[in-house]
Amino acid sequence: MGRCRRQCLEEKYNPKEIEKKWQEHWEKEGLFSVREDHSLPKFYCLEMFPYPSGRIHMGHVRNYVIGDVIARYKKMRGFNVLHPMGWDAFGLPAENAAIKHGVLPAKWTFENIDYMKGQLKKMGLSYDWAREVTTCKPEYYRWNQWFFLKMLERGLAYKKASFVNWCPSCETVLANEQVIDEKCWRCDNTVIQKELEQWFFKITGYAEELLRDADKLGGWPEKVVTMQRNWIGRSEGVEVDFKIVGTDRTVRIFTTRQDTLYGATFMSVAKMHPLVEGLVKDENTRREIASLSEDPEQKEGVFTGHYAENPLTGDHIPIWVANFVLMEYGTGAVMAVPAHDQRDFEFAKKYDLPVKVVIEKWQGARGEGSREGAFEEDGILVDSSQFSGLPSREAREKIADYIEQKELGKRVVNYKLRDWGISRQRYWGTPIPVVYCDSCGIMPVPENELPVILPQDVVFTGKGVSPLLEVKSFVDTKCPRCGKDARRETDTMDTFVDSSWYFIAYCLGGNAKVDLNSAISGQRSAGAIHESPLRYWMPVDQYIGGIEHAVLHLLYSRFFTKVIRDIGLIETDEPFTSLLTQGMVIKDGAKMSKSKGNVVDPDFLINKYGTDTVRVFCMFAAPPERDLEWSDQGVEGAYRFLNRVWGLVYNNKFKIQDSKFKIEEIFSLQPSAISLLRKTHQTIKKVTGSIEKDYHFNTAIAALMELINEISSFNPSGEKDFEVLGLSMRQAIVLLSPFAPHVAEELWRQTGGKEGLLKQPWPSWDEEIAKEEETELVVQINGKVRGRVMIPAGLDDEAVKEKAFSEPKVREHLDGKTLKKVVVVQGRLVNIVI
RNA sequence: GCCGGCGUGGUGGAAUGGCAGACGCGCCGGACUCAAAAUCCGGUGGGCGCAAGCCCGUGUGGGUUCAACUCCCACCGCCGGCACCA
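Heads up: the first sequence begins at 192 in our numbering, then just goes up one per residue.
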């Protein structure tokens, strides 16, 4: 105490103290706050914001550290970096807590946010907290309502009655994307079908563009793009009308295999197909239809007693109701071609229906596959009137043309993607801004009356219907048009609406400052000088989060971005240029979970080792996209490493200062100093390369460890040596800073750094210095290593060969053999083939 | 069933077609200590050998190549996604 005049370097690395010190310092300096600066290239670095469940878990830690390392690195590379954070604050757990413990969802949520924000702050993450968004606050969710009204205006929001996915446990509806293996994405309970009136967003209106623009997602993992493409599930085909024999009605079918039209031997329609209601009068048959198996494995059907006429052949084919035909896709009716569709084949076998081959694998291969299964591939048409002899692909075009000419049907494109059902029968979400009036019908709440505030005085019974239904002051309202008594919509919005545009809110300055109306007019009047913040920051350059949102949040956000563009707020088509899907944090071979009892508490670790250690371990243990196997000993290793760095600086504290060393002086250095200098430049190159190459921080840290090892074993003797040591050490500190910012900052300042590390430019390397003077030449004989020789760099191939052949061990092996070939790999390897 | 990813020491993981196992963990040995912890130094894929060295080795089997963890084909195992979408 008091030995040094300025604050001096302690012998022992004390992470708690220095982390607190620098976090306070950074906050006081406002180091992480950003604004638009058109003189700098921008970089928008974003991590998926968390649901405030109570505490940060290791998955969050990993996610946010990856983002922070990128943000800090990009800042040092001269980018103006936007790096915000917020809270996906609406959702069921808050409501469940209310039911269980009697805490109001708002209170529960805000307390969690407080605690978790404290945790994030202790991690030294470089967020501009001024831009924080909290989706459960009225100043945020009013814009959800605003978007809803915009969607209504554009015909992109509508209400319809339909069968929807209902989670009995969450007591609410789920969108298709939120049902995984027939189970609820959140609580894992089996989802049932229920008929309800629901609000939908017409995401299918953008299906084509969402699919087409998937090609633009070059910075995304191919896997995620493929999942989205498959989810959208585009297929081209034709719809064809079949007359129902003996009536004046028709059935419309959809097929992508119009080349097999001549092979249709019956027709299958869905249970719910309107035709069934209209045609089947017999009570027994109706009962049979109703009792058809729901089991997808079991193919079952019932003959309706009616026949359809194939418009191409005039054949009369029986109409069956089949349990595997979906009402929601296509027209709910299909022509059955057992020879060329496996499902139809199995069905035909079961009910002894005819199989007619119309596609051959090649000319003359008749009957192929008709016994054991369907031949589903393309081939050559047979028994297909004027189309016989055509290959499938061509026949599809010709038959589609023919159908359109004869007005029997038309070409259509179908998608698996369904509209996004956004109504939720729960309290803790954004109220849907709609009023029901007996005279005027469904009335949107006028924009100037937004937000529709979620009432606070609510009773949570946990039974049956949404608590909002019980709040008279909320439900009872006046019609905005006629002023008569009316009732409010009590469903709230899916919380995925909140997260579909939050990246926009950050650009506009966070919760309090978001004003989309003025953002639109700002955008319209935007000139070169007063460019809108949205135009400046969007799109997100790097997005980081879990792969579990591959077809949920990531698809919804793409949809919203396109709508937002069409509204005129932004100009980009896609929200996220690059996407990094980080792997899970695993312990003892399983994902960390309370039920498995293998969770590691970030608070405990940060308290014990400091956040820098946790950060370094998370970045070192595996590349970001892979799963990370947790290892307590690995954490110790990271801690040891930082201690070594600390000790190294401490032991040389009076020698490591801002070095005046100039690169021209290299010739006056002794070999070991040159070697350290070279290693330093090699490390800068390696670390930079590792970060640039898919953010492989693990190898970047490994390279840094190598450099630290080399510095440790360097024995400086003269002043010049110490200068090299100082330079090398200070470069190492700079390279370490994105990973372990606190300890780096402390050591940097203690060794003469006047300005903070984030203001330092990222170091550059000199190829000439990084290059080895001598390299080890590997000599192989028939591909096996038989010797190693040191050779000077830049030796030509002939000289290298000569060196190789002069090696005694090599000569021994070559003795008496005939040379076949000699391969030289520039400066690295010689392979002698005998 | 279809689509995608992965398979490397005891372990987490490295390797533009060119020395397999960087770096870390663990383990073994040594120094320091009365002792331990911490720290530091050295060793560490397997087999044979006193040694020099030799042989084997990246899930399995084949192929391309002077040379394959890397490219191609087939198979096995694990993980993830989709699955009556006509």
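Yeah, the Cβ is synthetic: ideal placement off N, Cα and C, and Gly gets one too.
Starting from the Cα of residue i, find the closest Cα among the options and give me that residue.
{"i": "S903", "options": "T772, A923, E910 and H248", "result": "A923"}
{"i": "L340", "options": "A398, M684 and G521", "result": "M684"}
{"i": "E362", "options": "F392, N421 and E286", "result": "E286"}
{"i": "G1018", "options": "K1012, M981, V1001 and H1004", "result": "M981"}
{"i": "V705", "options": "A288, G309, T325 and P622", "result": "T325"}
{"i": "D378", "options": "R448, G282 and E638", "result": "Reading off the sequence, residue 378 comes out as Cys, not Asp. Cα-wise, what sits closest to C378 is G282."}
{"i": "L949", "options": "V970, A586, P206 and M267", "result": "M267"}
{"i": "E386", "options": "F354, G409 and E218", "result": "F354"}
{"i": "S723", "options": "Q733, Q489, V649 and C698", "result": "C698"}
{"i": "M526", "options": "D432, E474 and L572", "result": "D432"}
{"i": "F391", "options": "V382, K414, A405 and N367", "result": "N367"}
Along the chain, where does the alpha helix (DSSP H) containing residue i start, and where does it finish?
{"i": "A1067", "result": "Residue numbering for the chain in the displayed model covers 192 to 1025; residue 1067 lies beyond these limits and cannot be assessed."}
{"i": "K207", "result": "P206 to E220"}
{"i": "V512", "result": "Element bounds for V512: not the alpha helix (DSSP H) but the beta strand (DSSP E), H507 to A513."}
{"i": "I423", "result": "E413 to I423"}
{"i": "T476", "result": "E474 to A481"}
{"i": "L470", "result": "P465 to L470"}
What three-state label does DSSP hand residue i in the structure shown?
{"i": "G428", "result": "strand"}
{"i": "F845", "result": "coil"}
{"i": "C628", "result": "strand"}
{"i": "A366", "result": "coil"}
{"i": "E765", "result": "coil"}
{"i": "L295", "result": "coil"}
{"i": "L237", "result": "strand"}
{"i": "I247", "result": "coil"}
{"i": "V442", "result": "strand"}
{"i": "S690", "result": "helix"}
{"i": "K1011", "result": "coil"}
{"i": "I720", "result": "With a pLDDT of 43 at I720, under the threshold of 50, the modelled position of that residue is not reliable, and the figure given next carries that caveat. Coil."}
{"i": "L938", "result": "helix"}
{"i": "N380", "result": "coil"}
{"i": "M276", "result": "coil"}
If I follow the unbroken beta strand (DSSP E) through residue i, where does it start and stop?
{"i": "P635", "result": "G632 to P635"}
{"i": "I972", "result": "E965 to I972"}
{"i": "N1022", "result": "L1020 to V1024"}
{"i": "D667", "result": "D667 to K669"}
{"i": "A894", "result": "Not the beta strand (DSSP E): A894 falls in the alpha helix (DSSP H), residues F888 to S903."}
{"i": "F494", "result": "G492 to E500"}
State the Cα-Cα distance for the pair residue i and residue j, rounded to the nearest angstrom.
{"i": "K992", "j": "I209", "result": "56 Å"}
{"i": "K189", "j": "Y593", "result": "This structure leaves residue 189 out entirely; the chain is present only between 192 and 1025."}
{"i": "A719", "j": "L222", "result": "Confidence in A719 is poor, its pLDDT being 43 and thus under 50, which makes the residue's placement unreliable; the coordinate value appears in the next sentence. Taking the straight line joining both Cα atoms gives about 28 Å."}
{"i": "M192", "j": "L867", "result": "The predicted position of M192 is uncertain, since its pLDDT is 36 and thus under 50; a value taken from the coordinates is nonetheless stated next. Each residue's Cα considered, the two are about 35 Å apart."}
{"i": "E215", "j": "L760", "result": "37 Å"}
{"i": "Q773", "j": "D885", "result": "11 Å"}
{"i": "H872", "j": "E910", "result": "20 Å"}
{"i": "A931", "j": "D803", "result": "5 Å"}
{"i": "D988", "j": "V1015", "result": "7 Å"}
{"i": "Q647", "j": "C236", "result": "35 Å"}
{"i": "I1023", "j": "K994", "result": "13 Å"}
{"i": "F536", "j": "G564", "result": "7 Å"}
{"i": "F665", "j": "R333", "result": "16 Å"}
{"i": "W213", "j": "I797", "result": "15 Å"}
{"i": "G496", "j": "I510", "result": "7 Å"}
{"i": "W217", "j": "I882", "result": "24 Å"}
{"i": "L517", "j": "N421", "result": "18 Å"}
Bridge partners for residue i per DSSP, in chain order?
{"i": "G600", "result": "V431"}
{"i": "Y349", "result": "F391"}
{"i": "M981", "result": "E967"}
{"i": "G737", "result": "Q773"}
{"i": "S576", "result": "Note: S576 sits in no beta bridge, so no partner."}
{"i": "D676", "result": "K669"}
{"i": "K782", "result": "I777"}
{"i": "E551", "result": "I571"}
{"i": "S459", "result": "W511 and V525"}
{"i": "G943", "result": "For G943, which the question treats as bridged, DSSP gives no partner whatsoever."}
{"i": "W611", "result": "F392"}
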